[in-house]
Amino acid sequence: METIEGVLVARTVAQFVIWQQSWRATGRSLALVPTMGALHAGHLALITEGGRQADAVAVTIFVNPLQFGPREDLAKYPRQLSGDCAKCANAGAALVFAPSAAEMYPADFQTSVAVEKLQARWDGHSRPGHFAGVATVVLKLLNLAQADVAVFGEKDWQQLQIIRQMATDLHHPTRIIGAPIVREADGLALSSRNAFLSADERARAVAIVQSLQEISQLAGRGGVETAPLAAHLAGRITAAGGRIDYACIVDAATLEPVDRLDRPARALVAAWFGTPKLLDNWPLDPRVDLPVLTS
Ligand code: PAF
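When we follow our numbering, the leftmost residue of the sequence shown carries the number 76, and every step to the right adds one.
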């Protein structure tokens with residue numbers, strides 16, 4: 076194994092497995108943080124959460140070809156391993172697993188994991204095959220790491236529910252944890268896609284989080300009809316120049332649309348501002364205090 080920018084890096088499956096087995100042999104716990112690299116403060120918050128949950132954190136950095144569609148540019152996805160390793164070292168990660176595509180998917184690889192109902196909705200419409208690619212790589216990483224917990228960001232709410240469902244359905248022993256969305260000062264959810272916004276698009280994109288916050292206040296303590304809330308989201312984002320992929324109120328776990336706020340629900344939004352499609356979501360849970368944006 077090598078050390079890059081102060082953190083131990085495993086490049087092969089064998090190196091990663093030997094490392095996790097020797098770590099586990101000491102009786103200490105492990106958290107896994109899967110990423111595709113190009114790390115920002117949102118990812119670092121996942122590493123911090125991993126460190127709260129376990130004695131060591133292993134970060135995976137792998138741009139997973141299986142989750143890119145034919146019209147999505149896999150080649151252009153930012154790859155900056157040494158910078159990412161420096162960030163992992165600063166955030167306290169014990170190890171980075173950064174395999175090649177050939178290491179993860181040898182020539183005869185042929186298995187796919189499908190979480191059928193959850194993957195068919197929302198982002199699944201515009202990105203066919205995407206969530207099967209995510210579920211497949213995440214299961215492989217969970218199997219290799221044998222971690223106590225794995226931490227994923229709540230920004231990709233549908234992805235998080237798919238991973239939870241997969242782990243439940245397949246009896247995976249690793250506990251799946253969601254970490255809250257990290258936001259810019261004005262509330263925009265952090266995403267590597269934000270770098271592709273022009274200054275004007277960036278200024279207008281804040282309508283996403285503002286509209287979510289507004290419907291959270293309109294929703295109050297639950298029991299209300301969801302149709303006007305979804306209409307408010309779509310209207311507000313469209314008025315700011317965004318092109319809606321979906322703006323909906325869904326059951327927080329099943330992602331099925333709900334008509335009334337009578338159970339834990341989530342507002343989900345995906346909208347294009349220029350080229351990048353931005354995702355965000357907000358809890359609408361009648362049982363708990365709703366979050367307030369403080370900037
Ligand atoms: O959220 C991501 O960065 C990716 O979808 C994941 C979970 C690392 C799988 O490649």
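A virtual CB, placed ideally from N, CA and C, is assigned to each residue, including glycine.
To the nearest angstrom, report how far apart residue i and residue j are at their CA atoms.
i: alanine 222; j: arginine 311; result: 42 Å
i: arginine 277; j: proline 255; result: 22 Å
i: leucine 219; j: leucine 170; result: 13 Å
i: leucine 272; j: proline 145; result: 23 Å
i: glutamate 229; j: leucine 235; result: 7 Å
i: glycine 125; j: glycine 316; result: 37 Å
i: lysine 192; j: aspartate 334; result: 19 Å
i: aspartate 231; j: proline 248; result: 22 Å
i: leucine 105; j: valine 212; result: 19 Å
i: arginine 338; j: aspartate 360; result: 6 Å
i: glutamine 240; j: glutamate 289; result: 30 Å
i: proline 358; j: alanine 182; result: 42 Å
i: serine 97; j: glutamine 292; result: 50 Å
i: threonine 329; j: alanine 166; result: 33 Å
i: serine 370; j: leucine 287; result: Unreliable placement is indicated for serine 370, whose pLDDT of 47 sits below 50; the coordinate value is still reported in the next sentence. Going by the C-alpha atoms only, they are around 15 Å apart.
i: cysteine 163; j: proline 109; result: 12 Å
i: leucine 83; j: alanine 161; result: 11 Å
i: phenylalanine 137; j: phenylalanine 91; result: 13 Å
i: tyrosine 197; j: methionine 111; result: Just to set this straight, residue 197 is tryptophan in the shown sequence, not tyrosine. Each residue's alpha carbon lies about 22 Å from the other.
i: arginine 154; j: alanine 327; result: 33 Å
i: glycine 117; j: glycine 199; result: 23 Å
Report the residue from the options whose alpha carbon sits nearest the alpha carbon of residue i.
i: isoleucine 238; options: Asp130, Leu105, Val188, Ile283; result: Val188
i: leucine 304; options: Ala150, Ala340, Thr329, Asp275; result: Ala340
i: leucine 242; options: Gln233, Val257, Asn269, Ala210; result: A small fix is needed here, since residue 242 is alanine in this sequence, not leucine. Cα-wise, what sits closest to alanine 242 is Ala210.
i: alanine 129; options: Ile136, Gln142, Leu107; result: Leu107
i: alanine 75; options: Thr301, Val299, Ala309, Ala182; result: Coverage of the chain is limited to positions 76 through 370, which leaves residue 75 absent and any answer about it impossible.
i: alanine 120; options: Gln292, Ala168, Ile319, Ala282; result: Ala168
i: asparagine 269; options: Gly349, Leu214, Thr123, Gln142; result: Gly349
i: alanine 131; options: Ala161, Val226, Thr87; result: Val226
i: leucine 265; options: Asn356, Leu245, Ala89, Gly204; result: Asn356
i: phenylalanine 143; options: Arg103, Ser201, Leu114, Glu331; result: Ser201
i: isoleucine 319; options: Arg250, Asp244, Trp347, Ser267; result: Trp347
Tell me, which residues are paired with residue i by DSSP?
i: alanine 375; result: The chain is shown from 76 up to 370; residue 375 falls before or after that span and cannot be answered.
i: alanine 106; result: Val132, Val224
i: glutamate 77; result: Val84
i: glutamate 331; result: Note: glutamate 331 sits in no beta bridge, so no partner.
i: alanine 340; result: Asp326, Leu359
i: glutamate 300; result: Arg335
Assuming residue i contacts residue j under a Cβ cut-off of 8 Å, what Cβ separation, rounded to an integer in Å, is found between them?
i: leucine 336; j: alanine 294; result: 6 Å
i: phenylalanine 172; j: alanine 133; result: 6 Å
i: tryptophan 94; j: alanine 85; result: 6 Å
i: proline 140; j: alanine 176; result: 5 Å
i: alanine 345; j: isoleucine 324; result: The pair is not a contact, with the Cβ atoms about 14 Å apart (cut-off 8 Å).
i: glutamine 194; j: phenylalanine 206; result: 4 Å
i: lysine 215; j: methionine 179; result: 7 Å
Is any heavy atom in the ligand HEM found nearer than 7 Å to the beta carbon of residue i?
i: asparagine 139; result: Within the structure as shown, the ligand HEM is missing, the only ligands being the ligand PAF.
Next on the checklist: At 4 residues or longer, what runs of the alpha helix (DSSP H) sit wholly inside the segment 208 to 295?
Outcome noted: 232 to 244, 274 to 280, 282 to 294
Item to check | alpha helix (DSSP H) segments (min. 4 residues) lying fully within the segment 108 to 176 | outcome: 116 to 128, 156 to 166
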